[in-house]
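The block underneath contains the structure these notes are about, expressed in structure tokens.
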Amino acid sequence: MFSRWNWVACGFYLVLSICSPDASGGLVQSCGHIIPESPVLALGSNFTALCILNESCLDFGNIYASQIIWKIKNRLVPKEQYREINRTVSSVTFNDTSSLATPLTCNILADGQIEQNIYGITVTVGLAPEKPKNLSCIVHQESRFTYPMTCTWNPGRHTFLDTQFRLRYRWPEQIFPDCIPKDVNNSCTIDDTQFFVNTEIWVEATNALGKAESDPLVLDPIDIVKPLPPQNVSVTSGLLPTVLQLCWENWITDAVMTLKFNIRYRVVGDTNWMEVPPEDTASPRTSFSIQGLRPYTEYVFSIRCMKEDGAGYWSDWSEEKTGITIEDQPSKGPPIWRIIDTSQSPACWTVHLIWKALKPYEANGVILQYELTVRDKSSLSSPVKKYNVTNTNHTLELREGTYEVTLIARNSVGPSPPSVLLIPASNSKAPVKNLRTLPKHDKLWVGWTAPNNYVLKYVIEWCLMSSSSDCIIEWQIVLGDVQGIDLKGIYFKGIKPFKCYLITVYPLYADGQGSGQSVKAYLKQDRPSKGPTVQTKKVGKAEAVLTWNHLTVEEQNGFIRNYTILYKTIDGNETVVTVDPSKTEYTLSSLTSDTLYTVRMMASTDNGSRTGPDFTFTTQKFGKGEIEAIVVPVCLAFLLIVLLGVLFCFNKRDLIKKHIWPIVPDPSKSNIAQWSPQVPAK
Amino acid sequence: MAAAESPSAALRRRDLCSRGIRLAGKMRADVVDLLDAYVEQQGLDASASVAAVEGVPLAAVERWDEQTGTQRLLENLAAYRAFRALLAQMLEEQREQLGEADAGLGRALAAVLLQVSAFAYHLEELLRLESRGIPGEEGDEEEDGPPPPPRLSLFEQKLRGLGVLRELAQWAVRSVRDLRQLAKPSPATGAASGLAESP
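Residue numbers (numbering that gives the first Met the number 0), protein chains in the order written: chain A, 0 to 681; chain B, 0 to 198.
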């Protein structure tokens, strides 16, 4: 039995020894090996490797250590770095590992100069980790009860090796598990932090070449908390129009820490935030009343909090919430003015009362209606007329007289202070003096001298002059102590350059009104857009009467200072004549007769001029009476000669007759002799 | 302890006291929350009255205001060391009962246990400041002294846990008061050192 088991065991052993791979390294036996295998080296250090040949290999034919060749990545290492230690061992030395690369191979020049590879190693060159610096930690509050702590540090220079970082922390009597960063090497988050105990925190960096530790940070995590902002913020309108109350929930209990707050607010649509003085919110609270707000205005609020003693970080600003203050009475009456139309008849006025809507910060609410009261001051018995209007104008038919108009704007809380306008029967009080304008950059300055000290207000009307449409009046009221205002075209239309505005100023007194003084003004002048079209009205021999139309307001672009007439003949010099801008006719004199003249006109403003189209005309050959003067005498002379000739001829008619009409005997009566009997002479 | 205390020691004492007070406050808040969760999870009646459990130190004491600073510290330290052991046992029982099923309660218990350890450490530091030796744990604990208590039934374990947590909440309140007394300036400690001389 024993021998049978023996045989089985032997058989097994035989099978195993045939089938199992050789212990010394595979089916192919290597000729040698390198020490050290897979080293990790510090950059810049020196390194020596040994290639050790196997005894068995040497038998293959004259292989000695002296034939060993070292190569880095198929680049030959210079022979100066080799050293033969003995017959089977060769070493290579590198003074600076920065010249090393992977792989480093030990090769041999065998028979027939064939290079054969014996062994190779991977060389990893890198650096030991640098001491991590700038370790800083913060505890973010993520929900009501979770407070993860995140620490960040500067990992230092790149090591070229696989370096592990671990965040370590402990109490004096308790060690906690290390925090291992995921995917990064410069931060780590600890899930839950314990407060009120001084914790020591530091970072360890480890790699194959060494270890480094940062300076430890010792802190109580309660001092580095960034809390969640206050939640469920709500805004409620108070009883007063200038107050709003803010309520919120703190998600940190007093047991953990007490908070202080910053509250900021702004008007909806505005970009500037106003802040409640931090001293007022420096203690724990869940509500606050903000005062000094504008009535009927929508505000946006936001709050943030941090630990009351200032340790830690401010939370983010909470979600913004809005609230509107309640309405209040309007603070001012609307400015009111009038345009009186007397075109129907001078005794019957059509009065257009116009006023401006209050600005939101004066209206303090929604204006529901305007209430007009018109009182006839010239007749005490006349009843007071009241009108409720919802738009900003009203037209009345009034008889000529003195009236007092009171206007009140009313919102849901109450009426505004009244605005009073006195419409006197005639504007008899003193008007302003020296009304003048001055363009200043993009604004038109209008100035005047006050007539006396009793002016309450001034009304300034302005309108854009146009040849095609009516002048639409815009107006503004300024207080009586102002001597000039920058008219920049407030409200809707700006004052545009190159356009003519008619500006009228009225002084208003307590008991009357001065007459309006007007002035035309340009913000900026330009050359006219068209030149005047000149024509001749009458052309003579040596003079021509030129005529033109004034340019329209739109074409002028400025005050026309003068007209210039330029005329010339075809080959002559141009003559220039300057004409007063009020004229529309001019007579050119001393012209050469019967010549073609070309004339054009130029209109000039302070900023340039423009020429109109050319006009040609020919002067007459003859003067006005010349032809008559020649023809009539000639005709007369002719007539005289004819007459004289006739007379002369009449006188000498016989002679003429004899010559012209000689007597020619009548042949029928012609006879040769006449026989007559002798007649006694009795 | 010398009548004149160095300023840095006084500052350190004040810092330890204030942080201890905050820690005790938070601990109490956490224990109250834990109690609610424990009662619900263990299926107990919140109003159940638990008789004084063996091994759980009582917070109520007669003539509390006559105690010296050192006495307060020693009593507190003994109590919290006891609680540390009791809570560790509770945690163990909890894991046995539920495995990892209720990690929430286990985590909350572990957090309270950490706070108890931290508070015990605060007390030891305060004692060191008073130049008192810290009594060894063996002298106060029952671990090596009397034999370990008999294994309780499941229901008895739950009731015991309830008792432990309730008493811990009371102790937290008492510790805050003790620390506030300690934080008051020297005359109290001067008198304490006078009394402390006599054993």
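The beta carbon of each residue, even a glycine, is placed where N, CA and C say it ideally should be.
Task: A/Trp4 - partner residues in DSSP beta bridges - done: Beta-bridge pairing links A/Trp4 to no other residue.
Open item on the list: Could you check whether A/Val217 and A/Asn706 sit closer than 7 Å to each other, using their CB atoms as the reference points?
Closed with: Only positions 0 to 681 of chain A appear in this structure, which leaves residue 706 of chain A out of reach.
Open item on the list: Residues in the same chain with beta-carbon distance under 7 Å from A/Val83, minus the five sequence neighbours each way, listed in chain order, please.
Closed with: The question names Val, but residue 83 of chain A in the sequence shown is Glu. Around A/Glu83: Ala64, Ser65 and Ser89.
Task: B/Leu241 to B/Leu90 span [Cα, whole Å] - done: Because residue 241 of chain B is not part of the residues shown, which for chain B are 0 to 198, the question remains open.
Task: Rounded C-alpha distance that separates A/Ala346 from A/Gly513 - done: 19 Å
Task: Same chain only: Cβ atoms within 7 Å of A/Arg3, ignoring 5 sequence neighbours per side - done: none
Open item on the list: Strictly below 9 Å CB to CB, what residues from chain B border A/Ala41?
Closed with: Ordered by position in chain B, no residue passes the 9 Å Cβ test against A/Ala41, which lies about 42 Å from the chain.
Task: Pair within 7 Å by beta-carbon distance, A/Arg374 and A/Val388 - done: no
Task: 8 Å CB neighbourhood of A/Ala672 in its chain, flanking five on each side removed - done: none
Open item on the list: According to DSSP, is B/Val163 part of a helix, a strand, or is it coil?
Closed with: helix
TODO: To the nearest angstrom, report how far apart A/Thr321 and A/Tyr457 are at their CA atoms.
DONE: 41 Å
- [ ] Measure how close the beta-carbons of A/Ile107 and A/Ile51 come, nearest whole angstrom, since I'm counting them as under 8 Å.
- [x] About 12 Å separates the two Cβ atoms, so there is no contact after all.
Open item on the list: With a threshold of 8 Å, are at least 3 pairs of Cβ atoms found where one atom belongs to the region 127 to 139 of chain A and the other to the region 102 to 116 of chain A?
Closed with: no
TODO: Go ahead and label A/Pro220 buried or exposed: buried means 16 or more other beta carbons lie within 10 angstroms of its beta carbon, across all protein chains shown.
DONE: buried
- [ ] For A/His393, count neighbouring C-beta atoms within 10 Å of its own C-beta (all shown protein chains included) and say buried if the count is 16 or more, exposed if not.
- [x] buried
Task: Residue environment, A/Cys648, which counts as buried when at least 16 other CB atoms sit within 10 Å - done: exposed
Open item on the list: Are the CB atoms of A/Ser317 and A/Pro228 within a distance shorter than 7 Å?
Closed with: yes
- [ ] Determine the contact status of A/Ile366 and A/Ala408, defining contact as a CB-CB distance below 7 Å.
- [x] yes
TODO: Taking A/Gly511 and A/Lys428 to be in contact with their CB atoms under 8 Å, please state how far apart those CB atoms are, rounded to whole angstroms.
DONE: 4 Å
Task: A/Trp475 versus A/Glu361 - alpha carbon distance - done: As written in the sequence, residue 475 of chain A is Gln, which differs from the Trp given in the question. Each residue's alpha carbon lies about 17 Å from the other.
Task: Where the beta strand (DSSP E) containing A/Phe614 begins and where it ends - done: Phe614 to Thr617
Open item on the list: Against B/Tyr37, what residues of chain A qualify as contacts under a CB-to-CB distance less than 8 Å, listed in chain order?
Closed with: Residues of chain A passing the Cβ test: none, with the nearest at roughly 16 Å.
Task: Helix, strand or coil at B/Thr69 according to DSSP, with G and I counted as helix - done: helix
- [ ] Can you grab the Cα-Cα spacing for the pair A/Leu522 / A/Ser236, in whole Å?
- [x] 48 Å
Task: Beta-carbon spacing of B/Leu56, B/Ala84 below 7 Å - done: The sequence shown places Pro at residue 56 of chain B, not Leu. Cβ distance not < 7 Å, so B/Pro56 and B/Ala84 don't count as in contact.
Open item on the list: Give me the residue from B/Ala45, B/Arg94 and B/Val115 with the minimum Cα distance to B/Ile20.
Closed with: B/Val115
Open item on the list: I need the DSSP call for A/Cys648, collapsed to helix, strand or coil.
Closed with: helix
TODO: Rounded to whole angstroms, what's the CA-CA distance from A/Leu635 to A/Gly644? Just pull it up for me.
DONE: 14 Å
- [ ] State yes or no: is the beta carbon of B/Ala117 nearer than 7 Å to at least one beta carbon in chain A?
- [x] yes
TODO: For A/Val255, go through chain B and note every residue whose CB falls closer than 9 Å to its CB, in chain order.
DONE: Arg21, Gly24, Lys25 and Ala28
Open item on the list: Let's test the definition: count the other Cβ atoms within 10 Å of the Cβ of A/Phe637 and tell me whether it reaches 16, buried, or not, exposed.
Closed with: exposed
Open item on the list: Using a Cβ-Cβ cutoff of less than 7 Å, which residues in the same chain neighbour A/Leu292 once the five nearest sequence positions on both sides are dropped?
Closed with: Thr241, Val242, Leu243, Tyr298 and Thr324
- [ ] Return helix, strand or coil for A/Phe287, following the three-state DSSP convention.
- [x] strand
Task: Continuous beta strand (DSSP E) assignments of at least 3 residues falling wholly in the region 268 to 347 of chain A - done: 286 to 289, 297 to 306, 320 to 323 and 335 to 344
Open item on the list: Tell me the residue span of the beta strand (DSSP E) that contains A/His139.
Closed with: Lys132 to His139
Task: Proximity winner among A/Val504, A/Leu40 and A/Pro612, relative to A/Leu478 (alpha-carbon distances) - done: A/Val504
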